[in-house]
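Everything below concerns the one structure shown next.
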Amino acid sequence: KITDKQKKSLAGKAKIFFRPYAAPVEQPDDRYPFWLVTGRVLEQWHSGTMTNRVPELHRAMPYAKVYMNAKDAEKLGVKRNDVVQLASRRGKVHARVETQGRNTPPRGVVFVPWFDENVYINKLTLDATCPISKQTDFKKCAVKITKA
């Protein structure tokens, strides 16, 4: 039984509903062995339409990079600042490798921010949607990486 004190503490708080786990519609495999995760960086927001025009922000992050684990880069025969091709079942893009600094993904995962119009990373991502929320699942997908 819920007491009056408990009712007051619950007032105005969100109710969280746990849903069954659903596996991703695409996962890394032998052909596309890496998880690509897309997202933001501090210096550039959204598509860079506003932040890329601020000289200080553009100098700090002038283009999107492929942040990857140094051991993965070594295994692929690429190093920092090499240009690589990322390819998924939907498209491909080219970007420079970054293995140092603030973004150090675990092995098997690469991160690419999505602000750079020259590295149109959404060409690679999924268009699958969650049946409950109707959100598009464009934050992750399987990719292969080769030296360009």
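When the count follows our numbering, it moves up by one through the sequence shown with no breaks and lands on 168 for the last residue.
From the three backbone atoms N, C-alpha and C, an ideal C-beta is built for every residue, glycine too.
Query, Result
"Residue 115 vs residue 86 beta-carbon contact at 8 angstroms", "yes"
"Three-state class that DSSP yields for residue 152 in the structure shown", "coil"
"CB of residue 117 within 8 angstroms of CB of residue 84, strictly", "no"
"Burial state of residue 121, where buried means 16 or more other Cβ atoms lie within 10 Å", "exposed"
"Test: residue 166 CB closer than 8 angstroms to a CB of chain C", "The chain labelled as chain C is not found in the depicted structure, where only one protein chain is given."
"Cβ pair residue 141, residue 113 closer than 8 angstroms", "yes"
"Pair within 8 angstroms by beta-carbon distance, residue 54 and residue 152", "no"
"Chain-order list of residues whose beta-carbon lies under 7 angstroms from that of residue 47 (same chain, five-residue window excluded)", "162"
"Neighbourhood of residue 82 by C-beta distance below 6 angstroms, restricted to the same chain and skipping five residues each side", "none"
"Where residue 66 falls: helix, strand or coil (DSSP)", "coil"
"Per-residue DSSP class, three states only, for residue 106", "strand"
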